[in-house]
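Colleague:
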Amino acid sequence: MEINTVNIEKIVQQVLSEMTATATPTLPSSKPTPTTGRVAMLTAKEKFEIQHYPIPTPGDNEILVKIEGCGVCGTDAHEYKKDPFGLIPVVLGHEGSGTIIKMGKNVTQDSAGNPVKLGDKVVTSVMFDDDADIAMMDMNKLNLSDTSSVYGLLPDDDVHFNGWFADYLMIRGGSSFFVVNDLNLELRLLVEPAAVVIHAVEQAKKTNLLRFNSRVLVQGCGPIGLLLIAVLRTMGIHNIVAVDGEDKRLDFARDLGATETVNIKRYNSADAVLAAITTATSGKLADFAFQCTGSPAAHAAVWKFIRRGGGLCELGFFVDNGDAPINPHHDICKKEITVVGSWVYTLRDYATTFDFMKRAKAIGLPLEKLITHKYPLTQIDQALQTNLRMEGIKVAVINE
Ligand SMILES: NC(=O)c1ccc[n+]([C@@H]2O[C@H](COP(=O)([O-])OP(=O)(O)OC[C@H]3O[C@@H](n4cnc5c(N)ncnc54)[C@H](O)[C@@H]3O)[C@@H](O)[C@H]2O)c1
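Residue numbers (this note's numbering): 1 to 400.
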């Protein structure tokens, strides 16, 4: 073989380009790589602007994800309507999923220890400022750390791709993320809210009041309450009373495992609602109740639906919607109710979530049908408005 300087230069160039590719592996694509991507920036209450920014190159600990879609959460709707977290301008969306298209050389495994490669589908969980922070944390209390956050609830910065309502997400070092190749798109978008309810059930179990034969009441049948019913069903709990004011949601509650339903809007007094719930629980009230509404009136009412010695898990108030009146004599002291709160999730809850989804599929629970509406990113305002009107169950933004 003849070696001349031109050939040597070519070989050196090829080796250098391969070395660069190893530093930041990139998914090969037949299409020209775009240089900018869109974000749906919430720039004022009820106002999104589609903005274009240069696509960032991931550093050694970072991952660039091409977003396939993201569910709309009640928290996004609160932020869109009233900005209770004071985040505007912000790119919302934390129930997303996407494909790894570039990643830094230090990224080798996900937060469950599974190997990671270009092309993997991923979802994100809790994030920290850097890897050192996450290493210091008790993995089972990550949700209670003051320094943790989630993508989609981060203030805007120079990166901009900080939320899932966008074309790309930049996953920083210190973030937890999971490979979810074995779930379909709908289930990938439901992982995050499902992790919320898995955590609530783990909290409820701490009371020792959640048993195979417990009469469990789920108050509020939005996506959170409905997923909770499905989790209870996969645990073998078969005495589940669903309470809501919307018949369509209560019908879905039955599809996911509720055995009795109570539509509070059919009754014209609190006493009449209580009578209906007493009947639905065979005259005995609930052994355990999950409060999944975010409504102070619902929180005030739920205590009345629980038997003496029963338990309550409050997970509906991710946002401060105000105080709720309770009667310390009737509601707590006399009844000896055990209460637990539930705040997002830990990393362990994600592993349980993947198991839950497989079990739900095995017993034929139609989780995918929770996603009732899909909008492109350009129609994100309609997506949020649909959520606020409580049309359907789970609204999702799906990228074209
Ligand atoms: N704890 C957490 O970490 C966490 C995480 C995510 C969401 N959340 C909260 O959970 C709540 C539920 O989320 P979602 O997405 O299902 O919301 P959603 O608004 O879609 O559903 C709430 C449901 O409650 C029903 N409801 C309202 N008042 C009621 C009453 N008095 N009695 C019975 N039902 C009543 C509504 O009809 C609706 O179906 C939200 O407030 C959200 O902020 C908490």
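All residues carry an ideal CB built from backbone N, CA and C; glycine is no exception.
Let me confirm a value: Leu-384 is counted as buried when at least 16 other C-beta atoms fall within 10 Å, else exposed. Which label applies?
Modeller: Leu-384 should be labelled buried.
Colleague: Note down, in chain order, each residue of its chain lying with its Cβ closer than 6 Å to the Cβ of Leu-217, except the 5 sequence neighbours on either side.
Modeller: Counting only Cβ-Cβ distances below 6 Å, and skipping sequence neighbours, we find Val-241, Ala-286, Ala-289, Phe-305.
Colleague: Ile-363 and Ile-393 - do their beta-carbons sit closer together than 9 Å?
Modeller: It is not a contact, given that the beta carbons lie outside the stated cut-off.
Colleague: According to the neighbour-count rule (16 or more other Cβ atoms, all chains shown, within 10 Å of its Cβ), is Ala-270 buried or exposed?
Modeller: It is exposed - the Cβ of Ala-270 has fewer than 16 other Cβ atoms within 10 Å.
Colleague: Under 8 Å from any heavy atom of ligand 1, does the C-beta of Leu-226 make it?
Modeller: Under cutoff, so the answer is yes.
Colleague: Quick one: using the 10 Å Cβ neighbour count with 16 as the cut-off for buried, is Val-12 buried or exposed?
Modeller: Residue placement at Val-12 is poorly supported in this model, since its pLDDT is 36, which falls under 50; the coordinates are not used for a value here.
Colleague: Give me whichever residues DSSP pairs with Gln-51 in a beta bridge.
Modeller: Answer is Val-39, bridged to Gln-51.
Colleague: In the DSSP assignment, what are the bridge partners of Pro-115?
Modeller: Answer is Gln-109.
Colleague: If you drop the 5 nearest sequence neighbours on each side, which residues of the same chain put their C-beta closer than 7 Å to that of Glu-46?
Modeller: Same-chain partners within the cutoff: Tyr-80, Lys-81.
Colleague: If you draw a straight line from the C-alpha of Lys-358 to the C-alpha of Leu-256, how long is it?
Modeller: Cα to Cα, Lys-358 sits roughly 14 Å from Leu-256.
Colleague: Between Met-390, Gln-109, Tyr-350, which lies nearest to Pro-193 when the distance is taken from Cα to Cα?
Modeller: It is Tyr-350 whose Cα lies nearest to the Cα of Pro-193.
Colleague: Since Glu-347 and Leu-209 should fall inside the 8 Å C-beta cutoff, what is the C-beta to C-beta distance between them, to a whole number of angstroms?
Modeller: The residue asked about is misnamed: residue 347 is Leu in this sequence, not Glu. Wrong, their Cβ atoms sit about 26 Å apart, outside the cutoff.
Colleague: Tell me whether Glu-68 sits in a helix, a strand or coil according to DSSP, three-state version.
Modeller: In the structure shown, Glu-68 sits in a strand (DSSP, three-state: E or B).
Colleague: Among Pro-296, Gly-225, Lys-265, which residue has its Cα nearest to the Cα of Ile-198?
Modeller: Among Pro-296, Gly-225, Lys-265, the Cα nearest to that of Ile-198 is on Gly-225.
Colleague: From Thr-33 to Gly-119, what does the alpha carbon distance come to, in whole angstroms?
Modeller: Whole-angstrom Cα-Cα distance: 15 Å.
Colleague: Of all the alpha helix (DSSP H) runs that stay within the bounds of the stretch 209 to 275, which reach a length of 4 or more residues?
Modeller: Segments of the alpha helix (DSSP H) lying fully in the stretch 209 to 275: 223 to 234, 247 to 255.
Colleague: Counting C-beta neighbours from all protein chains within 10 Å, is the total for Cys-70 16 or more, i.e. buried, or is it exposed?
Modeller: So Cys-70 counts as buried.
Colleague: Considering only heavy atoms of ligand 1, does any lie closer than 8 Å to the CB of Gly-222?
Modeller: Yes - ligand 1 has a heavy atom lying nearer than 8 Å to the Cβ of Gly-222.
Colleague: Between the stretch 94 to 104 and the stretch 231 to 247, are three or more C-beta pairs nearer than 8 Å?
Modeller: Not touching, per the Cβ criterion.
Colleague: Within the present structure, is the beta-carbon of Thr-75 separated from the nearest heavy atom of ligand 1 by less than 8 Å?
Modeller: Yes, Cβ of Thr-75 sits closer than 8 Å to a heavy atom of ligand 1.
Colleague: Between which residues of its own chain and Ala-258 is the CB-CB distance below 6 Å, once the five residues before and five after are set aside?
Modeller: Excluding positions up to five away in sequence, the list reads Ile-229, Ile-240, Ala-242.
Colleague: Could you tell me the distance, in whole angstroms, from the CA atom of Pro-84 to the CA atom of Thr-338?
Modeller: Approximately 30 Å, taken between the alpha carbons.
Colleague: So, helix, strand or coil for Glu-368, using DSSP?
Modeller: Helix, per DSSP.
Colleague: What are the residues that DSSP puts in a beta bridge with Met-103?
Modeller: Paired residue(s): Ile-63.
Colleague: Determine the closest residue to Cys-292 out of Ala-272, Gln-382, Asn-321, Thr-278, with distance taken between C-alpha atoms.
Modeller: When only C-alpha atoms are compared, the closest one is Asn-321.
Colleague: On the DSSP letters alone, give me the boundaries of the beta strand (DSSP E) that Gly-283 sits inside.
Modeller: Run containing Gly-283: none; DSSP gives neither H nor E here.
Colleague: For ligand 1, I want to know if Trp-343 counts as a neighbour, meaning its beta carbon is within less than 8 Å of at least one of the ligand's heavy atoms.
Modeller: Yes, the Cβ of Trp-343 comes within 8 Å of a heavy atom of ligand 1.
Colleague: Would you identify the three-state DSSP class for Lys-10, choosing helix, strand or coil?
Modeller: Only weak support exists for where Lys-10 lies, its pLDDT of 44 falling under 50; the value from the coordinates is given anyway. Reduced to three states, the DSSP call for Lys-10 is helix.
Colleague: Am I right that Lys-66 and Ile-88 are in contact with their C-beta atoms under 8 Å? What's the rounded C-beta distance?
Modeller: Actually they do not touch by this definition, with Cβ atoms about 26 Å apart.
Colleague: Go through its chain and collect everything with a Cβ distance to Cys-313's Cβ below 6 Å, but skip five positions before and after it.
Modeller: Only Ala-200, Gln-203, Ala-204, Phe-290, Val-340, Ser-342 meet the Cβ criterion.
Colleague: Based on the DSSP secondary-structure assignment, which residues constitute the bridge partners of Ser-175?
Modeller: In the DSSP output, where bridge partners are listed per residue, Ser-175 has Met-127.
Colleague: So, Phe-252 versus Lys-369, is the Cβ gap smaller than 9 Å?
Modeller: A contact, by the Cβ cut-off of 9 Å.
Colleague: When you compare each of Ile-332, Thr-279, Tyr-345, Leu-185 to Asn-399 by their alpha carbons, which one comes out closest?
Modeller: Cα-wise, what sits closest to Asn-399 is Leu-185.
Colleague: Just curious, the beta strand (DSSP E) that Leu-312 is in, first and last residue?
Modeller: Per DSSP, Leu-312 belongs to the beta strand (DSSP E) from 306 to 314.
Colleague: Pick out whichever of Val-302, Val-116, Asp-76, Ala-298 has its Cα sitting closest to the Cα of Met-103.
Modeller: It is Val-116.
Colleague: Is Leu-169 helix, strand or coil when you go by DSSP?
Modeller: Strand, per DSSP.
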